[in-house]
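Line by line, the protein sequences are chains F and V. Per my numbering: the first sequence = residues 1 to 295. Per my numbering: the second sequence = residues 296 to 590. Positions of the beta carbon are idealized from the N, C-alpha and C atoms, including for glycine. Bear in mind the structure is a predicted one, so any value in this text is a computation, not a measurement.
Number of protein chains: 2
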Amino acid sequence: MSDDWIAVDWGTSHLRAWAMTGPEIRASAHSEDGMGRLSPEAFEPALLKLVEPWLKPEGATPVVACGMVGARQGWVEAPYRPVPCAPAGGGLIRALVHDERLDVRIIPGLSQASPADVMRGEETQIAGFVAANPEYDGILCLPGTHTKWAHISAREVVSFRTFMSGELFALIAGQSVLRHSVTTEGFDGDAFLEAVSESLSRPESFAARAFSLRAEGLLAKLPADTARARLSGWLIGMELAAARPYWLGQPVVLIGAPALSQFYAQALEAQGLTPLTADGDAMTLAGLAAAHLGH
Amino acid sequence: MSDDWIAVDWGTSHLRAWAMTGPEIRASAHSEDGMGRLSPEAFEPALLKLVEPWLKPEGATPVVACGMVGARQGWVEAPYRPVPCAPAGGGLIRALVHDERLDVRIIPGLSQASPADVMRGEETQIAGFVAANPEYDGILCLPGTHTKWAHISAREVVSFRTFMSGELFALIAGQSVLRHSVTTEGFDGDAFLEAVSESLSRPESFAARAFSLRAEGLLAKLPADTARARLSGWLIGMELAAARPYWLGQPVVLIGAPALSQFYAQALEAQGLTPLTADGDAMTLAGLAAAHLGH
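Here's what the structure looks like:
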């Protein structure tokens, strides 16, 4: 059909594609061909492998992609757009293709001069949310390896800040001296909320508190699921302490994977907020559609 | 001679030994046979390989060892002694040996119930300092992978706190998204002191500041030695903020490797302190001698 197109979410470690007709999903597919393992000439074959069955028999099928595919080490660099600006308001970059059945455009990321910050991929989720909620004035929090806090007003991203809390959690739990003290499964919800509160009060003690998990494991057989919950709570509490200018007295919507977003929701609820949540995958697709329809 | 003995510093990744006569060093040797790569039955051969030439022709030669050799996973567990207590005031544990020329004793580590904390090896450096400075009343800071802050009074360790700042630095600089933004060499001293000051003021922002190194590298070609200095400064500043009850208005002596201690010295000097320094290896040897002569 004339309004067939293809939506693509192309991150460092994943490639996901949807066959679309207007805003409707007809089919989906995914592979492990993330940007991190592809040389520039390998992007087109990786994409074709997934989407070839969906291409129109005649003419080029529009493909709109977001994520690290547009990084300097990606298929083609889609230069960051400086905030304040609409989250996906233009600047799509065309990728050079050999197959004439493809017309590939990449959504650029956003940048901020001071404090220096960048995002690539999250701007599309934000665009999806803003398309559905054009009057929203408040905060979006996108939990992940590098959690983003963004202030949205008048359909623009006014400012944002990235926190490495998720990556710090993974490094400490997986590769530090604490790797045997922290489980990979199980979670002590009370210990989590207590840790969030402790860290909001005295965020500076993180490096000492973390070692106490090891010591309490040796001295008092601290359960590993309690240790895991405390580590997570101290990191999220430290993040909430620093992000207070974002969330204090503001409406907050969490966009992300439900499993991770729920921890942020619990932590914010304990501070008296009532955050709403939106599914990260749904927002990605809505943002790709907004970018496709808008260009 | 009758007062010949052997001093041993046996950590996770190293084994160092000194042939001693009383307090005098006659010879030294070292190997890579750290506790981390030895099964329990491998400790005696690893030790003999280094010290056999130094053993007395008749009778057993006393050997005093400190460090992870006394951990649960070491040669023989030397149970932690709870503070407050003298840093190496007893409780040496004899290791079972097959060679009758060896008489091996291991110095136990110290523990603290609340906040839960442990040390193993640093107590010997502290003992070395206290033996030479019995009237000292103040703070010892032992910079390292797991930096220790200890309050010393009346020749005892009153309390202590461990910070994982060094391990966090190594993980973030070596294995996080920042690994290409941070050099392994070079250091921007001004950026370091500025970062210490920023982190003392707002320690909670660490996870966001860290990501800014990546962003500023992408957006403004931040030099990698500046990035390294900032990362170090933010971590040490966060540690100083939490350790303030230890150092504020107190005499501070730094015990450790000069290359690392100098960063702590600069950071403390910027807060108006005049910390003294003592060499970590010299303190280890002095502490082993004190334990040998005292038992």
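On the three-state DSSP scale, how would you describe residue i?
i, result
"Phe300/F", "There is no way to answer for residue 300/F, as the model of chain F reaches only from 1 to 295."
"Thr572/V", "strand"
"Asp225/F", "helix"
"Ala373/V", "coil"
"Gln112/F", "strand"
"Arg497/V", "coil"
"Thr442/V", "strand"
"Glu347/V", "helix"
"Val491/V", "helix"
"Arg179/F", "helix"
"Gly433/V", "strand"
"Ser232/F", "helix"
"Leu549/V", "strand"
"Arg37/F", "helix"
"Glu339/V", "helix"
"Glu451/V", "strand"
Assuming the contact rule is C-beta atoms closer than 8 Å, residue i and residue j should be a hit. Round their C-beta distance to whole Å, please.
i, j, result
"Val157/F", "Pro84/F", "6 Å"
"Gly306/V", "Met363/V", "5 Å"
"Ala355/V", "Arg389/V", "Contact doesn't hold; Cβ gap of about 11 Å is too wide."
"Glu534/V", "Ala207/F", "6 Å"
"Phe338/V", "Trp370/V", "4 Å"
"Gly433/V", "Gln557/V", "No, Gly433/V and Gln557/V are not in contact; Cβ-Cβ is about 20 Å, not under 8 Å."
"Leu231/F", "Val196/F", "About 12 Å separates the two Cβ atoms, so there is no contact after all."
"Trp300/V", "Val359/V", "7 Å"
"Phe482/V", "Ala524/V", "5 Å"
"Pro498/V", "Pro203/F", "6 Å"
Along the chain, where does the beta strand (DSSP E) containing residue i start, and where does it finish?
i, result
"Thr298/F", "The structure shown has nothing for residue 298/F, since chain F only spans 1 to 295."
"Ser323/V", "319 to 326"
"Leu391/V", "Note, Leu391/V: premise wrong, no beta strand (DSSP E); not H, not E."
"Val321/F", "Absent from the structure is residue 321/F, since the part of chain F shown begins at 1 and ends at 295."
"Val303/V", "299 to 305"
"Ile401/V", "397 to 401"
"Ala17/F", "15 to 21"
"Val118/F", "117 to 119"
Taking buried to mean at least 16 other C-beta atoms within 10 Å of its own C-beta, is residue i buried or exposed?
i, result
"His441/V", "buried"
"Pro143/F", "buried"
"Gly90/F", "exposed"
"Arg81/F", "buried"
"Phe160/F", "buried"
"Glu564/V", "exposed"
"Asp3/F", "exposed"
"Lys443/V", "buried"
"Glu185/F", "exposed"
"Ser500/V", "buried"
"Arg321/V", "exposed"
"Gln73/F", "exposed"
"Ser201/F", "exposed"
"Thr457/V", "buried"
"Ala220/F", "exposed"
"Arg179/F", "exposed"
"Arg539/V", "exposed"
"Leu293/F", "exposed"
Can you find a CB in chain C that lies within less than 7 Å of the CB of residue i?
i, result
"Ala337/V", "Structure shown: chain C not included; protein chains present are F and V."
Report whether the distance from the Cβ of residue i to the nearest heavy atom of the ligand FMN is below 6 Å.
i, result
"Gly186/F", "Among the ligands in the structure shown, none appear at all, so the ligand FMN cannot be discussed."
Within the continuous alpha helix (DSSP H) that includes residue i, where are the two ends?
i, result
"Glu462/V", "460 to 470"
"Trp542/V", "539 to 542"
"Gln420/V", "417 to 427"
"Leu218/F", "206 to 220"
"Ala265/F", "258 to 269"
So, residue i versus residue j, is the Cβ gap smaller than 7 Å?
i, j, result
"Thr419/V", "Ile447/V", "no"
"Leu235/F", "Val252/F", "no"
"Asp103/F", "Pro62/F", "yes"
"Leu513/V", "Ala522/V", "no"
"Leu140/F", "Ala150/F", "yes"
"Leu549/V", "Pro570/V", "yes"
"Val413/V", "Ala215/F", "yes"
"Ala257/F", "Gly287/F", "no"
"Ala341/V", "Leu333/V", "yes"
"Pro23/F", "Ala289/F", "yes"
"Ser471/V", "Glu167/F", "yes"
"Asp9/F", "Thr284/F", "yes"
"Met164/F", "Phe487/V", "no"
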